[in-house]
Amino acid sequence: MLLTNFSNFILEAGTDEAGRGCLAGPVTAAAVILPPDFENIILNDSKQLSEKTREKLRPIIEENAVSFAVTDLHPKEIDEINILNASMKGMQECVLKLNPTPEFIIVDGNRALNAKLGLKTNFGKQLTKEEIEILKSIPNQSIVKGDSKYLSIAAASVLAKTYRDDYMNAIHEEFPMYNWKQNKGYPTTEHREAIRKYGTTKYHRMSFRLLPEQLKLDI
4 MLLTNFSNFI LEAGTDEAGR GCLAGPVTAA AVILPPDFEN IILNDSKQLS
54 EKTREKLRPI IEENAVSFAV TDLHPKEIDE INILNASMKG MQECVLKLNP
104 TPEFIIVDGN RALNAKLGLK TNFGKQLTKE EIEILKSIPN QSIVKGDSKY
154 LSIAAASVLA KTYRDDYMNA IHEEFPMYNW KQNKGYPTTE HREAIRKYGT
204 TKYHRMSFRL LPEQLKLDI
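Taking our numbering, the leading residue of the sequence shown gets 4, the next gets one more, and so forth.
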């Protein structure tokens with residue numbers, strides 16, 4: 004069973020993201036504050052769970068959480084500030100949506116949550132000085148493979164994954180030839196073959212290598 008808490012604070016939030024390695028669609032971040040007495044023997048890193056189990060866990064997490072938030076950062080913003088910064092910015096935005104404000108934050112990965120605060124972009128949310136100060140004021144700890152160690156990060160990973168999957172299922176109806184309902188925008192052979200055949204869409208990340216170098220893409 005995963006651990007409940009990293010710090011000694013009651014209002015500890017876990018954060019994670021989904022879709023970092025995709026060629027299309029948003030990177031989706033989530034943050035979750037769970038109550039101290041929350042227990043669930045099934046909850047784990049979303050990548051270790053079946054789609055059916057993730058969908059079963061999502062309402063349990065949402066109904067029991069003290070607070071949760073989910074944010075999409077879309078391809079234009081990803082292309083502008085790069086995927087690593089976009090992933091972190093998405094988690095920052097989620098933390099700012101939490102009510103009550105967390106006293107401590109644990110972040111999946113190896114990068115502090117308050118790294119590169121207030122990146123100026125032409126797309127998406129612009130953090131205010133007040134929001135930047137809030138993020139600076141909250142102690143945080145990055146934890147490698149935290150989604151397989153702490154319940155709140157695992158819960159965030161499940162929310163991020165399920166909300167992003169819902170988004171990709173919806174835009175699949177607009178561009179069914181890419182089969183995003185199945186591949187969710189990841190760089191599968193099928194997805195890349197569809198890009199080669201049909202070109203790109205407004206949902207593709209143009210800063211990513213969409214095709215192998217030996218193939219040419221007319222954009």
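We put the beta carbon where it would ideally sit given N, CA and C, even for glycine.
Practice problem: Please specify which runs of the beta strand (DSSP E), each continuous and at least 3 residues long, are wholly inside the stretch 128 to 196, giving them in chain order. | Solution: If we require 3 residues or more, the beta strand (DSSP E) runs fully inside the stretch 128 to 196 come out as 143 to 146.
Quiz prompt | Separation of leucine 76 from asparagine 88, as counted between CA atoms | solution = C-alpha separation (whole angstroms): 10 Å.
Quiz item: Is the beta carbon of leucine 162 less than 8 Å from the beta carbon of arginine 61?
Solution: Less than 8 Å divides the Cβ of leucine 162 from the Cβ of arginine 61.
Quiz prompt | Residues sharing a beta bridge with glutamate 15, DSSP | solution = As a beta-bridge residue in DSSP terms, glutamate 15 pairs with Phe107.
Exercise. Inspect the beta-carbon positions of aspartate 48 and serine 145 and report whether they are closer than 8 Å.
Key: The answer is no: Cβ separation not under 8 Å.
Practice problem: Count the other C-beta atoms from every protein chain shown that fall within 10 angstroms of the C-beta of glutamate 42, then say buried if there are 16 or more, exposed otherwise. | Solution: The Cβ neighbour count for glutamate 42, taken over all protein chains shown within 10 Å, is under 16; the residue is labelled exposed.
Exercise. Specify, as a first and last residue, the run of the beta strand (DSSP E) that isoleucine 45 falls within.
Key: Taken as a continuous stretch (DSSP letters only), isoleucine 45 belongs to no beta strand (DSSP E), as it is neither H nor E.
Quiz prompt | Same chain, Cβ closer than 7 Å to valine 30, neighbours up to 5 away in sequence not counted | solution = Cβ neighbours of valine 30 beyond the five flanking positions: Glu20, Gly22, Arg23, Leu76, Ile81, Ile86, Ala89, Ser90 and Gly93.
Quiz prompt | Bridge-paired residues (DSSP) for threonine 286 | solution = Residue numbering for the chain in the displayed model covers 4 to 222; residue 286 lies beyond these limits and cannot be assessed.
Quiz item: Can you list, in chain order, the residues of its chain whose CB lies under 7 Å from that of alanine 159, leaving out five sequence neighbours each side?
Solution: Cβ-Cβ distances below 7 Å link alanine 159 to Gly17, Thr18, Asp19, Ala33, Ala34 and Val35 in the same chain, with the five nearest sequence neighbours on each side left out; the list follows chain order.
Quiz item: What are the start and end residues of the beta strand (DSSP E) that includes alanine 89?
Solution: No beta strand (DSSP E) holds alanine 89; the alpha helix (DSSP H) holding it covers 86 to 100.
Self-check item: Distance between beta carbons of leucine 138 and leucine 116, contact taken as under 8 Å
Solution: Your pair leucine 116 and leucine 138 checks out as a contact, with CB atoms roughly 7 Å apart and the cut at 8 Å.
Practice problem: With a threshold of 16 other CB atoms inside 10 Å of the CB of aspartate 169, please say whether the residue is buried or exposed. | Solution: Here aspartate 169 is exposed, its C-beta having fewer than 16 other C-beta atoms within 10 Å.
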